[in-house]
DNA sequence: CGGGCTTTGTAACCTAAGTCACTGTAGAAT
DNA sequence: ATTCTACAGTGACTTAGGTTACAAAGCCCG
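Residue numbers (my numbering), protein chains in the order written: chain A, 199 to 408; chain B, 199 to 408.
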């Protein structure tokens, strides 16, 4: 585990902290689609991402979903932290977007390290910072953009975290994450194809130029 | 200042911390409508609310506004904290919703206290926690609710923070904060009046039963 | 009192997006 | 090869909400 840890966090954590993480953390590998957290769960450990990506989703009372953002290498889930400290339930769902490696830290260590290690405090504050800004961005897109722009932004972001210009999802799946309907997404995708920006296939699409 | 401090924060901060706040903080009173922070500002001090309420607004590139949430007694602005630590610009605008009393703390103290006082750490984490949840709620409302529900929620919340069932705003002002148009808001308000839930007047309205 | 603001009410219209219903089709399964 | 099924395409229609335009109050102030 030490090797992975070094690569992703070596530059930001102090040596003492690295050693502690190495001792109490457990390396975990999960496949694409693996559900790491469900709404209403109590959380007992906190993830540090080594590789891959995790998508964070929000759901309303009627089961309608909405993609909030992705977590990537070197990041952690601020929601988890707030849950742990506040001893409250998860407000979100977390699903592996790609095959993902992460280190799980027992919650108990969190507060201890916050008092003990400056680099940990900075990391935690930085996570909150990043997350708040991601949430603001998501909110902007929803409040100020129409569906066509949101779709384009979604495709770009998805291509980025998956490091591929092929997006392997059905229109229905895309519709879920954008909280829209299949018909609307099909319509807009077709329009993008006619503009020469993407190429549609069964079960996947290719981004040509967005 | 010590008196105000005691009333709002006496129960949560350690004595040593209270003394420090008393020494480096400055009491500030601002009238309703006072702009405390503008998008793009660099922040050099952090507010602790004593009384009143502050509304936090987001704006897109075209000048369209959106109300995010209110800060109230005993709370602070997480955005400010992230800005200070990350040394970045403000992403939001802050305007006093009512006459407001607050204590301003120089940014420099923040990190020092985080290492030194457990109660301060808890306060800061708790603020992040509350703010993340408020943002999620706002996002829910926008993503999953229609304008009529959003309007009702808005009126209720506004009545709550103002501690009054009279809301002194023009339809235009309400429209701005909900990122809608005056005509739409007038239409929906009229509908609420016809349902006997509110009473409309020039420049203000009264909530009867929501 | 009588202009000259600002605010509110309303009708007519437009557009984005959601819904329903149906067809076409690629690919897996038999 | 034929059938079956999930996925995709499309027309027709509905609705929420935005836009334009204008009339009617309310209100300030000379």
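All C-beta atoms, glycine included, are put in the ideal place defined by N, C-alpha and C.
Bounding residues of the beta strand (DSSP E) (the contiguous stretch that carries residue 329 of chain A): Counting from 1 along the first chain, the entry for residue 329 of chain A is found at position 131. Premise fails: residue 329 of chain A lies in the alpha helix (DSSP H), 316-342, not in any beta strand (DSSP E).
Using a Cβ-Cβ cut-off of less than 7 Å, list which residues of the region 341-365 of chain A approach chain B; keep chain order. 341 and 342
Scan the region 289-302 of chain B for residues whose Cβ lies nearer than 7 Å to a Cβ of chain A and list them as they occur along the chain. Here the close residues are 289.
Rounded to the nearest angstrom, how far is the Cβ of residue 230 of chain B from that of residue 324 of chain B, given a contact under 8 Å? Translated into positions along the second chain, residue 230 of chain B becomes position 32. Translated into positions along the second chain, residue 324 of chain B becomes position 126. Not a contact, Cβ separation roughly 27 Å.
Classify residue 294 of chain B: buried if its beta carbon has 16 or more other beta carbons within 10 angstroms, exposed otherwise. Your numbering for residue 294 of chain B matches position 96 in the second chain. Counting Cβ neighbours within 10 Å, residue 294 of chain B comes out buried, since at least 16 surround it.
Would you identify the three-state DSSP class for residue 402 of chain B, choosing helix, strand or coil? Taking the first residue of the second chain as position 1, residue 402 of chain B is located at position 204. Strand, per DSSP.
Name, going along the chain, the residues of the region 246-264 of chain A whose beta-carbon falls closer than 7 Å to a beta-carbon of chain B. Going along the region 246-264 of chain A in chain order, one finds 256, 258, 262 and 264 with a Cβ nearer than 7 Å to chain B.
Just checking: is the beta-carbon of residue 369 of chain A within a distance shorter than 7 Å of some beta-carbon in chain B? Against the first chain, residue 369 of chain A aligns to sequence position 171. No, its Cβ sits nowhere closer than 7 Å to a Cβ of chain B.
Within the continuous beta strand (DSSP E) that includes residue 268 of chain A, where are the two ends? The residue you call residue 268 of chain A lines up with position 70 of the first chain. Its beta strand (DSSP E) spans residues 263-270.
Residues sharing a beta bridge with residue 299 of chain B, DSSP: Within the second chain, numbered from 1, the residue matching residue 299 of chain B stands at position 101. In the DSSP output, where bridge partners are listed per residue, residue 299 of chain B has B:227 and B:249.
Give me the Cβ distance between residue 237 of chain A and residue 288 of chain A, rounded to the nearest whole Å; I'm assuming they're in contact under 8 Å. For the purposes of this step, residue 237 of chain A is taken as residue 39 along the first chain, with counting starting at 1. For the purposes of this step, residue 288 of chain A is taken as residue 90 along the first chain, with counting starting at 1. Their Cβ separation, rounded to whole angstroms, is 6 Å, which keeps residue 237 of chain A and residue 288 of chain A in contact under 8 Å.
Which of the residues in the region 327-339 of chain A, read from start to end, lie with their CB under 8 Å from any CB of chain B? 327, 329, 330, 331, 333, 334, 336, 337 and 338
Indicate whether at least one CB of chain A lies closer than 7 Å to the CB of residue 274 of chain B. Here residue 274 of chain B refers to the residue found at position 76 of the second chain. So, not an interface residue.
Relative to the C-alpha of residue 353 of chain A, which candidate in A:338, A:337, A:341 and A:371 has its C-alpha closest? Residue mapping note: residue 353 of chain A aligns to position 155 of the first chain, counting from 1. Minimum Cα distance to residue 353 of chain A is reached at A:371.
Reduced DSSP secondary structure (H/G/I, E/B, other) of residue 206 of chain A: As a working mapping, residue 206 of chain A is identified with position 8 in the first chain. Of the three classes helix, strand and coil, the one that applies to residue 206 of chain A here is helix, per DSSP.
For residue 237 of chain B, report the span of its alpha helix (DSSP H) as first-last. The residue given as residue 237 of chain B occupies position 39 in the second chain. Residue 237 of chain B -> no alpha helix (DSSP H), and no H or E assigned at all.
Any chain A beta carbon closer than 7 Å to residue 280 of chain B: Here residue 280 of chain B corresponds to residue number 82 of the second chain, with the count starting at 1. Closer than 7 Å to some Cβ of chain A, the Cβ of residue 280 of chain B qualifies, so yes.
Run through DSSP, which three-state label would residue 255 of chain A get? Position 57 of the first chain, counted from the start, is the residue given in the question as residue 255 of chain A. If DSSP states are grouped into helix, strand and coil, residue 255 of chain A belongs with the strands.
Need the endpoints of the beta strand (DSSP E) that residue 294 of chain A sits in, please. Within the first chain, residue 294 of chain A is the residue found at index 96, counting from 1. Per DSSP, residue 294 of chain A belongs to the beta strand (DSSP E) from 291-294.
For the 8 Å Cβ check, are there 3 or more pairs between the region 214-223 of chain A and the region 310-318 of chain A? yes
Quick one: what does DSSP say residue 389 of chain B is sitting in, helix, strand or coil? By 1-based counting over the second chain, the position of residue 389 of chain B is 191. If DSSP states are grouped into helix, strand and coil, residue 389 of chain B belongs with the helices.
Mind listing the chain B neighbours of residue 244 of chain A? Cutoff is C-beta to C-beta under 9 Å, in chain order. Translated into positions along the first chain, residue 244 of chain A becomes position 46. Per Cβ cutoff of 9 Å: no residues; residue 244 of chain A is ~13 Å from chain B at best.
Give me the Cα-Cα distance between residue 245 of chain A and residue 365 of chain B, rounded to the nearest whole angstrom. By 1-based counting over the first chain, the position of residue 245 of chain A is 47. By 1-based counting over the second chain, the position of residue 365 of chain B is 167. So the two alpha carbons sit approximately 45 Å from each other.
Reducing DSSP to helix, strand and coil, say where residue 273 of chain A ends up. Taking the first residue of the first chain as position 1, residue 273 of chain A is located at position 75. Note: residue 273 of chain A maps to coil in three-state DSSP.
Helix, strand or coil at residue 362 of chain A [DSSP, three-state]: The residue you call residue 362 of chain A lines up with position 164 of the first chain. Residue 362 of chain A carries a coil assignment under DSSP once its states are collapsed to helix, strand and coil.
Return yes when the Cβ of residue 251 of chain A is within less than 7 Å of the Cβ of residue 227 of chain A, no when it is not. Within the first chain, the letter at position 29 stands for residue 227 of chain A. Within the first chain, the letter at position 53 stands for residue 251 of chain A. Not in contact: residue 227 of chain A and residue 251 of chain A (Cβ atoms no closer than 7 Å).
Between which two residues does the alpha helix (DSSP H) carrying residue 213 of chain B extend? Looking up residue 213 of chain B in the second chain gives position 15. Its alpha helix (DSSP H) spans residues 213-222.
Please classify residue 223 of chain B as buried or exposed, where buried requires at least 16 neighbouring CB atoms within 10 angstroms. Here residue 223 of chain B refers to the residue found at position 25 of the second chain. With 16 or more other Cβ atoms inside 10 Å of its own Cβ, residue 223 of chain B counts as buried.
CB-CB under 6 Å to residue 278 of chain A, same chain, minus the five flanking residues each way: which ones, in chain order? As a first step, residue 278 of chain A is located in the first chain; it is residue number 80 there, counting from the start. Excluding positions up to five away in sequence, the list reads 241 and 244.
Let me know the secondary structure DSSP gives residue 287 of chain A once reduced to three states. Here residue 287 of chain A corresponds to residue number 89 of the first chain, with the count starting at 1. Coil, per DSSP.
Residues sharing a beta bridge with residue 244 of chain A, DSSP: If you number the first chain from 1, residue 244 of chain A lands on position 46. In DSSP, residue 244 of chain A forms a bridge with A:303.
Please tell me whether residue 377 of chain A has its Cβ less than 7 Å away from any Cβ of chain B. For the purposes of this step, residue 377 of chain A is taken as the residue at position 179 of the first chain. Under the Cβ criterion of 7 Å, residue 377 of chain A is counted among the residues facing chain B.
If you measure beta-carbon to beta-carbon, which residues of the region 311-322 of chain A are closer than 9 Å to chain B? 312, 313, 316, 319, 320 and 322
With 16 other CB atoms within 10 Å as the buried threshold, where does residue 379 of chain B fall? In the second chain, counting from the first residue as 1, residue 379 of chain B sits at position 181. Per the 10 Å Cβ criterion, exposed.
What first and last residue would you give for the alpha helix (DSSP H) that runs through residue 373 of chain A? Locating residue 373 of chain A in the first chain gives position 175, counting from the first residue. Note, residue 373 of chain A: alpha helix (DSSP H), 369-376.
Residue 256 of chain B versus residue 265 of chain B: straight-line alpha-carbon distance, rounded: Translated into positions along the second chain, residue 256 of chain B becomes position 58. Translated into positions along the second chain, residue 265 of chain B becomes position 67. Residue 256 of chain B and residue 265 of chain B: Cα-Cα distance of roughly 6 Å.
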